[in-house]
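Student: Protein sequences, first through last, are from chains A and B. Its first residue numbered 48, the first sequence is counted upward by one per residue in this note's numbering. Its first residue numbered 48, the second sequence is counted upward by one per residue in this note's numbering. Even glycine gets a Cβ: it sits at the ideal position worked out from N, Cα and C.
Protein chains: 2
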Amino acid sequence: MGEISKATLRRYPVYLKALRKLSDEGIRKIMSAELSQYVDIKPTTIRRDFSLIGQLGKQGYGYDVDELISIFARELGEDYDEKMILIGVGRLGTAILNYNNWNHVAGEIVCAFDIIPEKRNKEPKVNVPVYHISQLKEKMPKGCEIAILCIPSGAQEIVNQLHDLGVKGIVNFTREHFVLPEGMMKRDVDVVSTIQELVFEVNSMSR
Amino acid sequence: MGEISKATLRRYPVYLKALRKLSDEGIRKIMSAELSQYVDIKPTTIRRDFSLIGQLGKQGYGYDVDELISIFARELGEDYDEKMILIGVGRLGTAILNYNNWNHVAGEIVCAFDIIPEKRNKEPKVNVPVYHISQLKEKMPKGCEIAILCIPSGAQEIVNQLHDLGVKGIVNFTREHFVLPEGMMKRDVDVVSTIQELVFEVNSMSR
DNA sequence: TGAATATTGTCAGATTCTTCACAAATAAGA
DNA sequence: TCTTATTTGTGAAGAATCTGACAATATTCA
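1) Please give the ranges of any beta strand (DSSP E) in the stretch 173-200 of chain B, keeping only runs that are unbroken, at least 3 residues long and fully inside the region.
2) Can you pull the chain B neighbours of A:Q243, defined as C-beta to C-beta under 7 Å?
3) Can you check whether the CB of B:G137 is closer than 9 Å to the CB of B:C197?
4) Counting contacts by CB-CB distance shorter than 9 Å, is B:V238 in contact with chain A?
5) On the DSSP letters alone, give me the boundaries of the alpha helix (DSSP H) that B:I74 sits inside.
6) Please decide whether A:Q106 counts as near chain B, where near means a Cβ-Cβ distance under 9 Å.
7) Among A:N145, A:R57, A:S200, A:V177, which residue has its Cα nearest to the Cα of A:A159?
8) Do you know how far the Cα of A:R222 is from the Cα of B:Y146?
9) Less than 6 Å between C-beta atoms, sequence neighbours within five positions excluded: which residues of the same chain meet that for B:G109?
10) Is the Cβ-Cβ distance between A:I100 and A:R58 less than 9 Å?
11) In the DSSP assignment, what are the bridge partners of A:E155?
12) Quick one, which of A:A65, A:P188, A:K169, A:Y62 has its alpha-carbon nearest A:E129's?
13) Spatial neighbours of A:L133 within its chain, please: CB distance less than 7 Å, with the 5 preceding and 5 following residues excluded, ordered by chain position.
14) With distances taken Cα to Cα, identify the nearest neighbour of A:H179 among A:V173, A:L56, A:I205, A:I162.
15) How many angstroms separate the CA atom of B:S83 from the CA atom of A:E248?
16) Spatial neighbours of B:T92 within its chain, please: CB distance less than 8 Å, with the 5 preceding and 5 following residues excluded, ordered by chain position.
17) Buried or exposed for B:V226, please, with buried defined as at least 16 other CB atoms from any protein chain shown within 10 angstroms of its CB.
18) Using DSSP's beta-bridge definition, name the partner residues of B:G216.
19) What distance in whole Å lies between the Cβ atoms of B:L66 and B:F119, which are believed to be in contact at a cut-off of 8 Å?
20) Just mark A:K172 as buried or exposed, buried being the case when its beta carbon has 16 or more other beta carbons within 10 Å.
21) Strictly by DSSP, which residues pair up with B:G109?
22) Is there a Cβ of chain A sitting closer than 9 Å to that of B:D87, yes or no?
23) What are the boundary residues of the alpha helix (DSSP H) that B:F97 is part of?
24) Please classify A:F160: does DSSP put it in a helix, a strand, or coil?
25) Which residues in the same chain as A:D237 place their Cβ atom closer than 7 Å to its Cβ, once the five residues preceding and following it in sequence are excluded?
26) Give me the chain B residues within the contact set of A:M187, using Cβ-Cβ distance strictly less than 7 Å, ordered along the chain.
27) Is there at least one Cβ from chain B nearer than 9 Å to A:H266's Cβ?
28) In its own chain, which residues sit with a C-beta less than 8 Å from the C-beta of B:L230, not counting the 5 before and 5 after it?
29) Can you give me the C-alpha to C-alpha distance between B:N174 and B:E72, rounded to a whole angstrom?
30) Note down, in chain order, each residue of its chain lying with its Cβ closer than 7 Å to the Cβ of A:A202, except the 5 sequence neighbours on either side.
31) Enumerate in chain order the residues of its own chain whose CB-to-CB distance from A:G135 is below 7 Å, with the five nearest sequence positions on each side excluded.
32) Taking buried to mean at least 16 other C-beta atoms within 10 Å of its own C-beta, is A:S240 buried or exposed?
33) Just verifying my parser: in three-state terms, what is the DSSP assignment at B:S117?
34) In chain order, what residues of the same chain lie with their CB nearer than 7 Å to the CB of B:K186, ignoring the 5 residues before and after it?
35) Check the Cβ-Cβ distances between A:F247 and every residue of chain B, and say whether any is below 9 Å.
36) In chain A, what lies closer than 7 Å to B:L103 by C-beta?
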């Protein structure tokens with residue numbers, strides 16, 4: 048597989064999501080022009096993005112929806128069955144653990160860590176074992192490369208530990224700033240920043 | 048104010064976040080090179096981004112942290128005190144409503160809508176009035192331009208209604224796909240897609 | 001089977017975004 | 001006050017990304 052640009056990478060989950068909906072609606076085949084209206088991405092961009100994975104379509108016909116879904120699902124890691132951990136079982140952490148149409152879509156949250164595991168384990172809504180954060184090293188699942196960070200503070204310290212334990216990717220819900228160690232990557236999920244961007248854009252639009 | 052690119056726009060909240068932390072640590076002045084290490088964005092990019100707002104720095108000196116914060120806060124809409132609504136008071140919706148270091152950072156969530164408002168209003172954690180979704184039109188706050196969408200399905204219908212009521216921006220937590228009406232903008236906050244991207248990137252890194 | 005039609009895959013040009021390099025301007029020290 | 005050391009702001013080069021155009025190829029229908 049050739050080099051896939053960051054921009055393209057960000058669009059793959061968008062395609063997958065749209066294709067799943069189309070499939071649910073009983074649609075079996077689709078053309079780039081049609082899909083374009085659906086996802087708001089130009090047909091040419093779609094075709095180029097797809098072509099980076101392989102020859103997925105048939106000229107004069109289009110793409111087979113279910114075939115695309117299974118290819119994207121595989122490419123996006125659904126078949127890796129990635130083992131993940133979650134750190135910080137507060138309100139947001141709990142919401143994520145409970146998020147249901149989730150399991151095995153991108154992997155599985157194996158266990159969680161918190162500073163008050165006794166309390167967290169008593170909450171009926173938390174459906175994976177919660178260990179004390181000091182047990183990070185001993186309880187870390189084998190081959191775990193992804194950690195979801197939902198703690199209010201002290202991120203840097205934890206991130207450094209995770210790095211030493213072989214974690215490669217962080218999904219960051221923390222609003223705190225931290226320096227990313229060499230070789231790690233992260234994705235920020237920041238509701239406040241997202242809203243700020245949007246407010247800014249909406250306001251500059253109407254000026 | 049000149050045209051500010053989308054890429055730059057996405058970085059403004061990052062700067063603001065970092066600057067707030069620096070200010071908390073008692074740091075009064077900063078140079079682009081220093082800030083760069085902090086936010087992992089090249090100094091030149093920082094300077095260019097800043098220069099689009101105005102002449103914020105002093106040559107041979109740097110930038111005044113608190114001055115930058117107040118400028119960014121204003122530019123990012125904190126002073127707009129944007130009125131927002133939230134739709135879908137499930138687990139995630141509740142987590143967002145409760146998210147505390149939130150209020151007046153990008154505006155205020157005035158009220159929420161759900162299909163079972165009676166139940167939601169009884170939950171002690173929900174701190175704004177919850178109305179039935181059918182009352183959207185009558186209960187919509189004046190001048191509300193931003194809606195936060197946390198419903199599991201039926202997004203398209205709601206989005207169309209919001210559009211008719213003058214909403215310009217959607218913060219979308221829905222995994223469902225919908226077509227964005229003309230003149231609206233949205234930002235997706237999708238944990239699953241985010242993880243998928245990350246898994247994909249981590250895996251293609253090690254291959 | 002063959003011609004007409006449709007749609008992909010891809011090259012090259014256009015656009016957007018990033019970064020280098022340096023002049024302009026300020027601060028600090030003698 | 002004058003000189004030196006800094007650091008910003010920005011024009012222009014460079015990189016990444018997007019998109020128009022069209023050849024290549026499959027499908028469909030006579």
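Tutor: Short version:
1) 177-179, 193-196
2) P60, L123, G124, A153
3) yes
4) yes
5) Run containing B:I74: none; DSSP gives neither H nor E here.
6) no
7) A:V177
8) 12 Å
9) K76, I77, M78
10) no
11) A:K130
12) A:P188
13) G140, I143, L144, I156, A159, I195, C197
14) A:I162
15) 24 Å
16) R58
17) exposed
18) B:I193, B:M232
19) 7 Å
20) exposed
21) B:K105
22) yes
23) 90-98
24) strand
25) R222
26) By Cβ distance, chain B contributes nothing, its closest Cβ being about 16 Å from A:M187, past 7 Å.
27) Absent from the structure is residue 266 of chain A, since the part of chain A shown begins at 48 and ends at 254.
28) Reading the sequence as shown, one finds Gly at residue 230 of chain B and not Leu. H210, K215, listed in sequence order.
29) 32 Å
30) L196, T221, E223, F225
31) D161, L196, C197, I198
32) buried
33) helix
34) C158, Y178
35) yes
36) What B:L103 touches in chain A: nothing, since even the nearest Cβ is about 16 Å away.
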